[in-house]
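Numbering (the numbering used here), first residue to last: 1155 to 1265.
For glycine and all other residues, C-beta sits at the position ideal for the given N, C-alpha and C.
Fair warning: this is a prediction, and the values are worked out from it, not measured in the lab.
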């Protein structure tokens, strides 16, 4: 799935970037950009949080956040991990990905 906001460079600041650097595909999920109420303010609020709180001391869960979708997120992540762990095929990078060569080399494949 393409990055919805590549101008922010979040893939390079994500916690799972260390996996990508050595060629291991990983799953990145982030905070939603869509609010059920006041959807027009979601990107502005996201940018504000990123500029003032992201990876700062104040980067923590807040009592006014609606986390009702978190259970669904965790269920999805578990299912993806379960399918990969029990599957016959390892996830692959898209052709042309800057991380694909490292991943193929680390598993002894040539592209």
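Here residue 1238 has 1245 as same chain residues with Cβ atoms under 7 Å from its own Cβ, once five neighbours each way along the sequence are excluded. For residue 1247, the CB contacts under 7 Å within the same chain, skipping 5 residues up- and downstream, are 1179, 1253, 1254 and 1257 in chain order. Our two residues, residue 1233 and residue 1240, have alpha carbons roughly 10 Å apart in a direct line. Counting every other CB atom within 10 Å of its CB across the protein chains shown gives residue 1174 a total of 16 or more, marking it as buried. In the three-state DSSP reduction, residue 1236 falls in the helix class (H, G or I).
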